[in-house]
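Structure first, commentary second.
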């Protein structure tokens, strides 16, 4: 009996030990759990709380027992929520999952928990509440941020002026924002948002280009941007700029998702079209202006040819002193009028961007000497010192537009002489920089003339402008000289500038870039003997093709004065008929004639000569009052050999004829 009692006692001891071990293990598991584990009675007092809960409240598990949340949590709203929640769950008797917050007693930080709350009935009939709460603060924060980001994106998409689309490649479904629907007049719940709808809204003539751009993007060629027209719901056409790119690819490199935007550019496109139409209108107006100027040049130069030609013929006749004085005045006035016409035409060509610069080799020193030589008499007449200083250091063989540079220098130096009454005009030309086959040359023209006040300096390069009206009346001129010079300098790569003081004179200066001709002699034209003071004659037969009676008379008289036998044809066809019957040493061919132009007649002459195997074609020299830049090239292309502009310059006429009639001897006339 004693043995049985001893065995029962030992078994009881073992059971107690095992129970304590299980309790200790269970307690360890609950204390080490990252989740909050607690047990509350019906009044919300803690019957148990693990170490995680104790750490949150800044206490120990033992201190929790018998107390409630209000003893540890300073947040009264949370405490009240816990009390009511305990009563509600125990009353309903159902397990529930709730999201709740708790304040960390040590940091004051709000922590977020997902809690499982289960009512437990004890053997004595009392009710307890078991709570297992997992800390989801990090997840809550991430979710909150994601929701905020999504909300911001939603705000941006709804606020933007661009329609946004999102296409899952391989499906027909499109996701469009409200702005996209608004652009095309569709309520968001009416349109099906499919690729078929998009294709229907494209104009037939636009579809191929748009689809090609999308396909190129899908093939990995990068984002696309395409401007095209689309059909609005109400039927009218709008211009859009459509952009898109693939943003998601599969592991094997296949496109999965494409997103993009579309914006209405109808107004901008209309403005662009209006601008293009305005540009076309401006170009048409510029062309019309150029054509008008060419016609006006022809119409003005043709009678000027008669006036100046007849005056020159009159001057070589026997005149008394008064008659010679009168003819000199007519000649001077005519040349001045011709200069005004040249200024206006030059300026108009610059304004119409019709000036083309040449790239040719020239001797800068010789060019400057030539300009000074031409203006020396004008300066001497006013008893002015015209001085030239050059410092080219042997670098005077340059490549550029010698003709336009000569025009600028002639203009500026001539202006300086014109506006200077006493003193001097000094021209300085010096090398500024020279390296790697390029040179920069500075030009300075200084005078001791009337000067220019500061206000006028701001507009002196404007067209048709002089310092004031009295200057115009006193010195004359169109006011185009400086604007033309300034624009030509600009075209050549420089900038014309000035400094001036009224009564003390002016300084105009500019620098131009040139290419150097290194160790290469400049082409030298064969020198022609200077013409003696006596008149010279040329033996030979000339065919003059001209339809204007006055010009016929002027040219015929000059040609006869030069000793030539002259035949006249008043049209291109008549010239062809004459040439079939007779031969001539040279043909002077007007360009603008009724029926057949000079170019057409020249082409026909060359065609006939080629058919007959002519080894020495008759030289054809063009005569025209047209000053278009391409007129010389057109003449050469038509088979002509040379070019003379009207009004005819007798010296140039003599030189041209002498050159092309090489086999004829020059004889001096008494």
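In the numbering used here, the protein residues as written are 431 to 1100.
Idealized CB from N, CA, C, for every residue including glycine.
Query - Rounded Cβ spacing between residue 941 and residue 871 (contact assumed at less than 8 Å) - result: Confirmed, about 7 Å.
Query raised in the report: For residue 566, which residues of its own chain have a beta-carbon under 6 Å away from its beta-carbon, when the five flanking residues on both sides are left out?
Result: Closer than 6 Å at Cβ, skipping near neighbours: 542, 544.
Query raised in the report: What number of angstroms, rounded off, separates the C-alpha of residue 1089 from the C-alpha of residue 729?
Result: Each residue's alpha carbon lies about 29 Å from the other.
Query raised in the report: By how many angstroms is the C-alpha of residue 868 removed from the C-alpha of residue 825?
Result: If you take the alpha carbons of residue 825 and residue 868, they lie about 10 Å apart.
Report task. Return the chain-ordered list of same chain residues with a C-beta closer than 6 Å to the C-beta of residue 1026, the five sequence neighbours on each side being excluded. Result -> Around residue 1026, the same chain offers 1002, 1003 as residues with beta carbons nearer than 6 Å, after the five sequence neighbours per side are excluded.
Query raised in the report: Which runs of the alpha helix (DSSP H) spanning at least 4 residues fall entirely within the stretch 744-781, listed in chain order?
Result: DSSP runs (the alpha helix (DSSP H)) wholly in the stretch 744-781: 751-781.
Requested in this report: Give a yes or no on contact between the stretch 827-836 and the stretch 918-927, applying the rule of three or more CB pairs nearer than 8 Å.
Outcome: Counting Cβ pairs under 8 Å, three or more are found: they touch.
Query raised in the report: Could you give the residue range of the alpha helix (DSSP H) that holds residue 506?
Result: Counting along the chain, the alpha helix (DSSP H) containing residue 506 begins and ends at 506-522.
Query raised in the report: Helix or strand or just coil, what does DSSP make of residue 646?
Result: Note: residue 646 maps to helix in three-state DSSP.
Query - Where residue 495 falls: helix, strand or coil (DSSP) - result: When secondary structure is reduced to three states using DSSP, residue 495 falls in the coil class, being assigned neither helix nor strand.
Requested in this report: Can you grab the Cα-Cα spacing for the pair residue 664 / residue 615, in whole Å?
Outcome: Going by the C-alpha atoms only, they are around 7 Å apart.
Query raised in the report: What are the boundary residues of the beta strand (DSSP E) that includes residue 819?
Result: Membership of residue 819 in the beta strand (DSSP E) is indicated by the continuous run 815-821.
**Report entry** The beta strand (DSSP E) enclosing residue 946, as first and last residue numbers
**Finding:** 935-946 is the extent of the beta strand (DSSP E) around residue 946.
Query - Exposure label - residue 988; buried when at least 16 CB within 10 Å - result: Per the 10 Å Cβ criterion, buried.
Query raised in the report: In three-state terms, what does DSSP make of residue 1050?
Result: Residue 1050 sits in a strand when the DSSP states are folded into three classes.
Report task. In angstroms with no decimal places, state the Cα-to-Cα distance between residue 698 and residue 669. Result -> Looking at the backbone, the Cα of residue 698 and that of residue 669 are separated by about 9 Å.
Query raised in the report: Between which two residues does the beta strand (DSSP E) harbouring residue 791 extend?
Result: Per DSSP, residue 791 belongs to the beta strand (DSSP E) from 790-793.
Query - Close beta carbons around residue 1032, own chain, < 7 Å, minus the five adjacent residues each side - result: So the list reads 1019, 1050, 1068, 1069, 1070, once near-sequence residues are dropped.
Query raised in the report: Do you know offhand how far residue 512's Cα is from residue 456's?
Result: Straight across, the Cα-Cα distance linking residue 512 with residue 456 is about 26 Å.
Requested in this report: Please report how far the alpha carbon of residue 466 lies from the alpha carbon of residue 536, in whole angstroms.
Outcome: Whole-angstrom Cα-Cα distance: 16 Å.
Query raised in the report: Beta-carbon separation of residue 843 and residue 797 under 8 Å?
Result: Contact: no.
Query raised in the report: In chain order, what residues of the same chain lie with their CB nearer than 6 Å to the CB of residue 1023, ignoring the 5 residues before and after it?
Result: Cβ within range, chain order: 977, 1001, 1002.
**Report entry** Residue interval of the beta strand (DSSP E) (run including residue 1004)
**Finding:** Run containing residue 1004: none in the beta strand (DSSP E); it sits in the alpha helix (DSSP H), 1002-1011.
Requested in this report: Within its chain, find whatever has a CB closer than 6 Å to the CB of residue 954; leave out the 5 residues flanking it on each side and keep chain order.
Outcome: Bear in mind that a pLDDT of 44 at residue 954, under 50, signals an unreliable position, so the number given afterwards is only what the model happens to contain. None.
Query raised in the report: Hey, is residue 634 close to the ligand MG, as in C-beta under 7 Å from one of its heavy atoms?
Result: The ligand content of the structure shown is nil, which means the ligand MG is not present either.
**Report entry** Residues sharing a beta bridge with residue 658, DSSP
**Finding:** Beta-bridge pairing links residue 658 to 670.
Requested in this report: Starting from the Cα of residue 539, find the closest Cα among 1038, 934, 863, 486 and give me that residue.
Outcome: If you compare the alpha carbons of 1038, 934, 863, 486 with that of residue 539, the shortest gap goes to 486.
Query raised in the report: Is residue 829 helix, strand or coil by DSSP?
Result: Of the three classes helix, strand and coil, the one that applies to residue 829 here is strand, per DSSP.
Query raised in the report: Who are the near neighbours of residue 596 in its chain, counting only those whose CB is closer than 6 Å to its CB and skipping five residues on each side?
Result: Counting only Cβ-Cβ distances below 6 Å, and skipping sequence neighbours, we find 605, 689.
Query raised in the report: Tell me, which residues are paired with residue 971 by DSSP?
Result: Answer is 995, bridged to residue 971.
Requested in this report: For residue 809, collect the residues of the same chain with a Cβ closer than 7 Å to its Cβ; drop the 5 residues on either side in sequence, then sort them by chain order.
Outcome: Here the set comprises 816, 847, 855.
Query - N- and C-terminal bounds of the beta strand (DSSP E) containing residue 554 - result: Note, residue 554: premise wrong, no beta strand (DSSP E); not H, not E.
**Report entry** Reduced DSSP secondary structure (H/G/I, E/B, other) of residue 682
**Finding:** Under the three-state reduction of DSSP, residue 682 is assigned to coil, being neither helix nor strand.
Query raised in the report: How do the stretch 487-506 and the stretch 566-575 stand: do at least 3 beta-carbon pairs fall below 8 Å, yes or no?
Result: No, because fewer than three Cβ pairs between the stretch 487-506 and the stretch 566-575 fall closer than 8 Å, the two stretches do not touch.
Query raised in the report: Which stretch, first to last residue, makes up the beta strand (DSSP E) that contains residue 593?
Result: That run of the beta strand (DSSP E) goes 593-598.
Report task. Note down the Cα distance separating residue 1079 from residue 863, rounded to an integer number of angstroms. Result -> The straight-line gap separating the alpha-carbon atoms of residue 1079 and residue 863 is approximately 40 Å.
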